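Residue numbers (the numbering used here): 450 to 736.
This is the structure we're talking about:
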């Protein structure tokens, strides 16, 4: 659930009239920048072509500059659709009334966990061993890279007042999952927060991954997905959902791997994200 910041969300307001879509104007799908933005934009363009062909609805993609930019683009109605991480969807639903369409299937699962990673050589085996040390989180709005690890630390009684520095000597936001892991490998921090398969994805083929282990793991987190902002014709929304459900392995395996390394999609419902809401409430991330 990501290094130079990428595209600024700059779209023509006249082309995106609230509540309607011009017959000639493509719908805009914004991507959460959970990996290198340049590579993600290229993958997003290929994904948009496939979605356009299957749905009959013209689609284009952009990459947000950060996680918050995805929600802001939906809230301000500058985009129509978004690849959202779990916390991003809950925020988009609360602040913009967005509807979840589909949920990712990732590594054959529709849920994942967050972990707190450390270097094996440091001899750290428990969360408690990290007191007074340093950690790299991903982004303040990242489910596995911040929210869920923080809730875990709070429930263990290690972090108080929702302040990571009540336990850690210092905490930073690396911006992407890979950047957090690289900071750990460089020795810039003593720990890094990321998702359960982050090593296999972001350090694939890198022998340095063998140097890393984890000292804690969170309960399951519902997978990321794609949501639509209010105002889209319900018939268009259903065409898009049907097309998304048709994009699956094995036919589209290469395309899906390039986007977010996913296997496909399943139909999603708002209630799927109730556990995320509970975690956000504990973090005080409520309206």
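For glycine and all other residues, C-beta sits at the position ideal for the given N, C-alpha and C.
The structure presented is a predicted model; accordingly, all values stated were derived computationally and were not measured.
One alpha carbon belongs to residue 647, the other to residue 638, and they sit about 17 Å apart. Contact between residue 607 and residue 633 is absent: CB atoms are separated by about 19 Å, not below the 8 Å threshold. Under the DSSP assignment, residue 716 falls in the beta strand (DSSP E) whose first and last residues are 713 to 716. A distance below 8 Å separates the beta carbons of residue 643 and residue 566.
In the DSSP assignment, residue 674 falls outside any alpha helix (DSSP H) and lies within the beta strand (DSSP E) extending over 674 to 677. Between the stretch 702 to 719 and the stretch 539 to 555 there are three or more C-beta pairs closer than 8 Å, enough to call the two in contact.
Taking 8 Å as the cut-off, the Cβ atoms of residue 671 and residue 730 do not count as close. By the neighbour-count criterion, in which a residue is buried when 16 or more other Cβ atoms sit within 10 angstroms of its Cβ, residue 591 is buried.
Cβ neighbours of residue 558 within its own chain (closer than 8 Å, five residues either side excluded): 672. Residue 573 and residue 581 have their alpha carbons spaced roughly 13 Å apart. About 7 Å separates the CB atoms of residue 510 and residue 496; that is less than 8 Å, so the two are in contact. Taken in chain order, the whole beta strand (DSSP E) runs of length 3 or more contained in the stretch 581 to 644 are 583 to 586, 619 to 622, 640 to 644. Checking the DSSP bridge columns, you'll see residue 560 partnered with 671. Its chain contains 492 as the residues whose beta carbon lies nearer than 6 Å to that of residue 707, once the 5 sequence neighbours on both sides are disregarded; these appear in chain order. With respect to residue 481, residue 546 sits apart: the two C-beta atoms are not nearer than 8 Å.
A direct Cα-to-Cα measurement between residue 619 and residue 631 gives close to 17 Å. According to DSSP, residue 553 shares a beta bridge with 714. Under the three-state reduction of DSSP output, residue 516 falls in the helix class. Per DSSP, the unbroken beta strand (DSSP E) holding residue 533 starts and ends at 530 to 533.
A residue is called buried once 16 or more other Cβ atoms fall within 10 Å of its Cβ, and residue 699, having fewer, is exposed. Residue pairing from DSSP leaves residue 488 without any beta-bridge partner. Per the DSSP secondary-structure output, residue 567 pairs in a beta bridge with 662. CA-CA distance, residue 645 to residue 486, rounds to 22 Å.
For the options 548, 475, 564, 732, the alpha carbon positioned closest to that of residue 665 is the one of 564. Rounded to the nearest angstrom, the Cβ distance from residue 676 to residue 541 is 6 Å, consistent with a contact under 8 Å. Shown here, residue 511 sits in a strand according to DSSP, grouped into three states. For residue 708, the enclosing alpha helix (DSSP H) starts and ends at 702 to 709. Spanning the alpha carbons of residue 652 and residue 705 requires a straight line of approximately 19 Å.
Of the other Cβ atoms in all chains shown, fewer than 16 fall within 10 Å of the Cβ of residue 635; this residue is therefore exposed.
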